[in-house]
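To keep things clear, I will list the structure first and then write my remarks on it.
Residue numbers (this note's numbering): 1 to 527.
Here's what the structure looks like:
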């Protein structure tokens, strides 16, 4: 039996960035932490996660936990750690000889020991109120700054017990003090100390970012490695990465406050790579999909994004007509590619959630009528200004941008383009919910000729969307209809780029029709 203890909200410094979340619901690698934790548990093992009363997982998280076969126990958040463990165990039915494995909700490892009666230890690296391991007695003691450390090993949040009821008795005798109860169990049954070298602690702001930096994610066609304070990005697509590096190098001086430092470039016959400063910040896609930040906090975030766009617009070059190449022309070409790849007709009407709707080709043609007019203005352009490429600093309330495109529609290096495209990419995340689809927070199921589609939208997210629409109108004179028209074009044009993920392609199709409905609603046309 595995128990993941997550019955209290994260510490206040993490709440300021992610809102009130239980630790195992924090974002790590574009997933919630519990996905990584559950991957460590052998298949078929009974698993329980404790959560604070008053917290309700969303429907997609609830379904994920159900699919894993996890039992959820809701506990009073005012309980101490020891009290919550006892409270949970006395509610569970289990045999006297059934072993218990406990993993703290803010903790992760590369693997978990299978033996019982063991105490997970790791080397201390940060100053915090840890529980120190005393090698002489084999017990734990609270950390005291004025006392000499008994060792450099601390309890890391993993424990296993052959006699859970004995643990209950000792914690109860210690009046809910987990460490004191644990020491009582050690004196009685004994716990074998096991040093676990790869410990990821997500329980505090500084350890959260340190742990995330050690868990890199891979992107298609690109490699990424983090070493200390340096991120190295490399790819066989040398042209693409050379364009990104050129964008960083060519940025005007006053705009360099928006980027991490470019530290150098490397090229070999097979690869091109560049290195940038690693920033201990969270990307907006993880905040938008996984956090509980209120809508008023997002207004400040979105205004910071607008400030970047306004600052970029002051670096102009000669006018050029480029919007058709970024939207309708590209969309039609990509739809043709998608039809060829998938065998799905783009000219045939589709049935979405039981209703007959226009074809994908017709969606492109209808949305074209509402696209913004090409004003020809060319200025500094990021080129992929979506949430996954925007980092937010809560201390300064400013953004940093990464992964610029650096190429024009003809695949030539440039740092300029039509600023409407950056607005479209920003709306791609806010209104289009692209990041929710990438993270799996949608349902798209083809049943015969019908596509059943839904996506994670909450009242809080609806408020953020409404605030964004007003902001785009007031700051850039871009209307709601223009925003939705650009989103339809973007989602249709992305279809052939995700041929390795048919589930995601269905999500893009379903989402294009959701956006089409919103376009019709804001223009007063019946669906």
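All residues carry an ideal CB built from backbone N, CA and C; glycine is no exception.
Counterpart residues of residue i in DSSP-defined beta bridges
i: residue 347; result: Residue 347 pairs with nothing; no bridge assigned.
i: residue 529; result: There is no way to answer for residue 529, as the model of the chain reaches only from 1 to 527.
i: residue 71; result: 48
i: residue 317; result: 378
i: residue 231; result: 226, 276
i: residue 416; result: 380
Proximity of residue i and residue j at Cβ, strictly below 8 Å
i: residue 22; j: residue 52; result: yes
i: residue 48; j: residue 168; result: no
i: residue 290; j: residue 16; result: no
i: residue 202; j: residue 108; result: yes
i: residue 24; j: residue 4; result: yes
i: residue 316; j: residue 382; result: no
i: residue 421; j: residue 284; result: no
i: residue 183; j: residue 153; result: no
i: residue 323; j: residue 492; result: no
Residue i to residue j span [Cα, whole Å]
i: residue 364; j: residue 515; result: 12 Å
i: residue 269; j: residue 235; result: 11 Å
i: residue 79; j: residue 171; result: 13 Å
i: residue 105; j: residue 13; result: 17 Å
i: residue 231; j: residue 523; result: 45 Å
i: residue 179; j: residue 142; result: 8 Å
i: residue 319; j: residue 377; result: 5 Å
i: residue 390; j: residue 302; result: 11 Å
i: residue 425; j: residue 519; result: 17 Å
i: residue 458; j: residue 392; result: 22 Å
i: residue 62; j: residue 113; result: 28 Å
i: residue 233; j: residue 264; result: 11 Å
i: residue 266; j: residue 475; result: 40 Å
i: residue 34; j: residue 412; result: 43 Å
i: residue 282; j: residue 58; result: 21 Å
i: residue 503; j: residue 31; result: 17 Å
i: residue 254; j: residue 261; result: 13 Å
Neighbourhood of residue i by C-beta, 7 Å cutoff - its chain only, sequence neighbours within 5 removed
i: residue 295; result: 460, 463, 464, 467
i: residue 20; result: 9, 292
i: residue 84; result: 5, 7, 50, 75
i: residue 416; result: 317, 378, 379, 380, 381
i: residue 220; result: Note that residue 220 scores a pLDDT of 34, beneath 50, so its modelled location is shaky; the value from the coordinates is reported in the next line. None.
i: residue 487; result: 427, 428, 431, 432, 515
i: residue 469; result: 480, 483
Residues near residue i by beta carbon distance below 6 Å, same chain, minus five either side
i: residue 181; result: 82, 170, 171, 174
i: residue 158; result: 103, 120
i: residue 218; result: Confidence at residue 218 is low in this model, with a pLDDT of 37, below 50, so its placement is unreliable and the value that follows should be read with caution. Hits under 6 Å: none found.
Cβ-based neighbour list, residue i, same chain, cut-off 8 Å, excluding 5 preceding and 5 following
i: residue 455; result: 433, 436, 437, 441, 442, 443, 507, 510, 511, 514
i: residue 164; result: 1, 89, 94, 98, 99, 100
Contact with chain C by residue i, beta-carbon distance below 8 Å
i: residue 316; result: In summary, chain C is missing from the structure at hand, where a single protein chain is found.
Mind the definition here: the region 270 to 279 touches the region 295 to 311 only if three or more C-beta pairs lie below 8 Å; say whether that holds. The region 270 to 279 vs the region 295 to 311: no contact.
The region 436 to 452 contacting the region 397 to 414, beta-carbon criterion three pairs below 8 Å: In this structure the region 436 to 452 does not lie against the region 397 to 414, because fewer than three pairs of beta carbons, one per stretch, are closer than 8 Å.
Segment contact, 8 Å Cβ cut-off, at least three pairs: the region 199 to 210 with the region 132 to 145: Under the Cβ criterion (8 Å, minimum of three pairs), the region 199 to 210 does not count as touching the region 132 to 145.
Do the region 347 to 363 and the region 378 to 392 meet, that is, are 3 or more Cβ pairs less than 8 Å apart? No: fewer than three Cβ pairs fall under 8 Å.
Between the region 332 to 339 and the region 277 to 286, are three or more C-beta pairs nearer than 8 Å? Not touching, per the Cβ criterion.
Measuring CB atoms only, is the region 115 to 124 touching the region 185 to 194, in the sense that at least three cross pairs come out at less than 8 Å? With a cut-off of 8 Å, the region 185 to 194 and the region 115 to 124 count as touching, because enough Cβ pairs lie within range.
Kindly confirm or deny that the region 239 to 258 and the region 367 to 379 touch, where touching means at least three C-beta pairs closer than 8 Å. In this structure the region 239 to 258 does not touch the region 367 to 379; the number of beta carbon pairs closer than 8 Å is below three.
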